[in-house]
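These notes are about the structure you will find just below.
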Amino acid sequence: MPVEPLASIELPYDQWCDAGLLFAPFADEPWAMLLDSAASQHPDSRYDILLRKPLHILSTHILSTNILSTKSADNNSDPFAQLTLYLQQMPDYQGQHELPFSGGAAGYFSYDAGRRIEKIPTLAEADIKLPDIALGFYQYALIIDHQQQRTYALAPQSELSQQADFWRPHQLHQNSPFHLLGEWQSNMSKAEYQLKIAQIHEHLLAGDCYQINLAQRFQAPYEGSEWQAYQRLKEANTAPFSAFIRLPEGAVLSLSPERFLQSSATGEVETKPIKGTRPRQQNPKQDEAEKNTLLHSAKDQAENLMIVDLLRNDLSRVCLPGSVKVPALFAIESFAAVHHLVSTVRGQLPHPSDIVNLIRAAFPGGSITGAPKVSAMTIIEQLEPHRRSVYCGSIGYISKNGRSDTNIAIRTLVASEGQLYCWAGGGIVADSEALAEYQETLDKVNKILPVLADD
Numbered sequence: 001m002p003v004e005p006l007a008s009i010e011l012p013y014d015q016w017c018d019a020g021l022l023f024a025p026f027a028d029e030p031w032a033m034l035l036d037s038a039a040s041q042h043p044d045s046r047y048d049i050l051l052r053k054p055l056h057i058l059s060t061h062i063l064s065t066n067i068l069s070t071k072s073a074d075n076n077s078d079p080f081a082q083l084t085l086y087l088q089q090m091p092d093y094q095g096q097h098e099l100p101f102s103g104g105a106a107g108y109f110s111y112d113a114g115r116r117i118e119k120i121p122t123l124a125e126a127d128i129k130l131p132d133i134a135l136g137f138y139q140y141a142l143i144i145d146h147q148q149q150r151t152y153a154l155a156p157q158s159e160l161s162q163q164a165d166f167w168r169p170h171q172l173h174q175n176s177p178f179h180l181l182g183e184w185q186s187n188m189s190k191a192e193y194q195l196k197i198a199q200i201h202e203h204l205l206a207g208d209c210y211q212i213n214l215a216q217r218f219q220a221p222y223e224g225s226e227w228q229a230y231q232r233l234k235e236a237n238t239a240p241f242s243a244f245i246r247l248p249e250g251a252v253l254s255l256s257p258e259r260f261l262q263s264s265a266t267g268e269v270e271t272k273p274i275k276g277t278r279p280r281q282q283n284p285k286q287d288e289a290e291k292n293t294l295l296h297s298a299k300d301q302a303e304n305l306m307i308v309d310l311l312r313n314d315l316s317r318v319c320l321p322g323s324v325k326v327p328a329l330f331a332i333e334s335f336a337a338v339h340h341l342v343s344t345v346r347g348q349l350p351h352p353s354d355i356v357n358l359i360r361a362a363f364p365g366g367s368i369t370g371a372p373k374v375s376a377m378t379i380i381e382q383l384e385p386h387r388r389s390v391y392c393g394s395i396g397y398i399s400k401n402g403r404s405d406t407n408i409a410i411r412t413l414v415a416s417e418g419q420l421y422c423w424a425g426g427g428i429v430a431d432s433e434a435l436a437e438y439q440e441t442l443d444k445v446n447k448i449l450p451v452l453a454d455d
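Using the UniProt record's numbering, read the sequence shown as starting at 1 and increasing by one per residue.
Structure (structure tokens):
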């Protein structure tokens with residue numbers, strides 16, 4: 001492991017502000033990642049972070065573990081313990097600029113990584129070959145601060161002068177055009193989805209759960225550049241927690257509107273669960289009416305409050321006693337396809353490095369499981385025919401100093417072995433109506449599936 005400290009150099013923003021243009025040459029490079037604010041005007045949008053050439057990686061699969069790194073590792077070890085160890089071994093950052101990412105881990109925890117934390121039955125088919133945890137440990141990053149209009153390159157101190165060449169390759173890569181080769185197909189029919197909601201109602205009435213998130217999966221064959229598909233999706237979806245990840249096994253394309261956990265270098269943490277959705281309308285008056293309906297919906301507020309309570313409990317497992325607060329309850333946030341009901345929960349960690357413990361304690365996010373969490377995940381396993389893979393997991397970064405930001409991987413697609421997968425779901429409670437819940441899943445992907453189907 002290198003011991004040379006990391007530093008940063010500022011680059012001219014006007015020449016280094018287009019994250020898509022800068023990332024394109026590396027879009028096919030294994031372990032290249034773009035954590036992307038996607039040109040969103042959302043208040044949580046600020047940074048684009050480009051990452052490549054990790055020092056080592058942590059790549060694990062359910063039922064087996066492959067940890068590939070510059071050091072030997074115990075293949076039976078806990079991946080969260082490995083994450084903590086590798087973060088500790090990363091070089092220190094000694095630069096003069098304050099950066100959101102200053103060297104550390106980036107990548108994802110799939111929804112199925114929750115099987116390493118809780119005992120969940122193995123019923124759903126695992127047909128996507130991507131790892132359940134895929135993290136690179138990076139000392140090279142290009143960080144674009146769109147709020148301050150400044151760009152920084154992170155690197156070992158002795159390599160700062162070479163960063164322009166590192167991020168501007170001499171040979172440009174030509175991506176092949178992206179095309180779907182068939183229609184999108186769901187893993188459930190409309191009737192099957194309604195039947196599963198009826199089964200959920202039986203669980204709710206029996207007291208097994210208070211809320212259960214049910215998702216359907218869409219699948220289509222494709223050819224060509226996944227990066228080109230991401231760019232097409234980005235034009236139609238301005239989401240503050242977007243990402244493109246290239247792995248040897250495939251690619252992840254995320255257009256998430258939802259934050260999982262954010263932490264500062266002093267240990268303040270925040271989560272922003274989404275629960276409650278209405279479709280956008282082209283007519284401004286109708287659109288405002290949809291927003292007001294959501295804002296005053298007793299059902300959606302009840303769903304949201306259940307998840308807020310779950311997350312307050314999750315944060316309290318690691319945060320200092322009495323520090324967990326809810327500064328914002330039932331706020332409306334609007335996106336290209338839908339309006340969402342969003343709340344904010346904050347707390348204080350005993351130490352910034354406890355963010356890894358908090359991720360483990362709170363994973364997967366309650367907004368995409370239901371409550372109580374383990375019971376909901378068990379029922380989801382019984383109802384959904386396929387594992388969720390990266391969908392409903394979490395994508396983001398964790399710096400060595402404890403600063404982090406991660407999303408809930410909704411509006412997220414996975415590309416693997418010539419197949420493209422996309423999911424949509426929603427929280428089901430006792431008074432949920434099956435037809436309305438089914439329509440909500442379609443509303444959530446109406447700026448995704450048609451966009452990629454158009455040639």
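For every residue, glycine included, the Cβ atom is placed at its ideal position computed from N, Cα and C. If you're wondering where the values come from, they're calculated on a predicted model, not measured in any experiment.
Beta bridge counterpart(s) of residue i as assigned by DSSP
i: A126; result: For A126, which the question treats as bridged, DSSP gives no partner whatsoever.
i: residue 458; result: For the chain, the structure presents residues 1 to 455; residue 458 sits outside this window and is missing.
i: G370; result: I212
i: F109; result: I133 and S394
i: E268; result: Q348
i: T412; result: S254
i: V3; result: V3 is not bridged to any residue.
Burial state of residue i, where buried means 16 or more other Cβ atoms lie within 10 Å
i: H203; result: buried
i: V429; result: buried
i: N283; result: exposed
i: L87; result: buried
i: R168; result: exposed
i: M1; result: Any reading at M1 needs caution, since the residue's pLDDT is 47, under 50, leaving its predicted position unreliable; the model's value is listed next. With fewer than 16 Cβ atoms within 10 Å of its Cβ, M1 is classed as exposed.
i: D454; result: exposed
i: K119; result: exposed
i: V3; result: exposed
i: E98; result: exposed
i: E125; result: exposed
i: T293; result: exposed
i: D405; result: buried
i: residue 456; result: This structure cannot speak to residue 456, because the chain is shown only from 1 to 455.
i: E384; result: buried
Simplified DSSP state of residue i, which is helix, strand or coil
i: F363; result: coil
i: V390; result: coil
i: D14; result: helix
i: H201; result: helix
i: V324; result: coil
i: G20; result: helix
i: F26; result: helix
i: Y222; result: strand
i: F330; result: strand
i: A81; result: helix
i: residue 505; result: Absent from the structure is residue 505, since the part of the chain shown begins at 1 and ends at 455.
i: W167; result: helix
i: T238; result: coil
i: L452; result: helix
i: I274; result: strand
i: R217; result: strand
Of the listed residues the options, nearest to residue i (C-alpha basis)
i: L295; options: L310, R278, D443 and K285; result: R278
i: D343; options: A289, L123, P372 and M306; result: According to the sequence displayed, residue 343 carries Ser and not Asp. Per the Cα distances, M306.
i: M90; options: L6, E192 and Q96; result: L6
i: F178; options: R150, Y222 and L55; result: Y222
i: S37; options: A328, S256 and A424; result: S256
i: A141; options: M377, E10 and A265; result: E10
i: P350; options: I379, N357 and L320; result: L320
i: A409; options: L160, G20, A113 and V326; result: A113
i: S102; options: A81, L130 and Q139; result: Q139
i: R116; options: K447, M377 and L51; result: M377
i: I62; options: D92, F109, A32 and R46; result: F109
i: L130; options: S416, D44 and S432; result: S416
i: A239; options: A302, W16 and I448; result: I448
i: A311; options: A361, R280 and S297; result: Rather than Ala, the amino acid found at residue 311 in this sequence is Leu. Nearest C-alpha to L311: A361.
9 Å Cβ cutoff met for residue i and residue j
i: L83; j: L22; result: no
i: N304; j: K275; result: yes
i: Q8; j: L160; result: Sequence check: residue 8 is Ser here, not Gln. Yes, they are a contact pair.
i: L58; j: G107; result: yes
i: L452; j: L420; result: yes
i: I398; j: F80; result: no
i: I395; j: N213; result: no
i: A424; j: A215; result: yes
i: G182; j: P273; result: no
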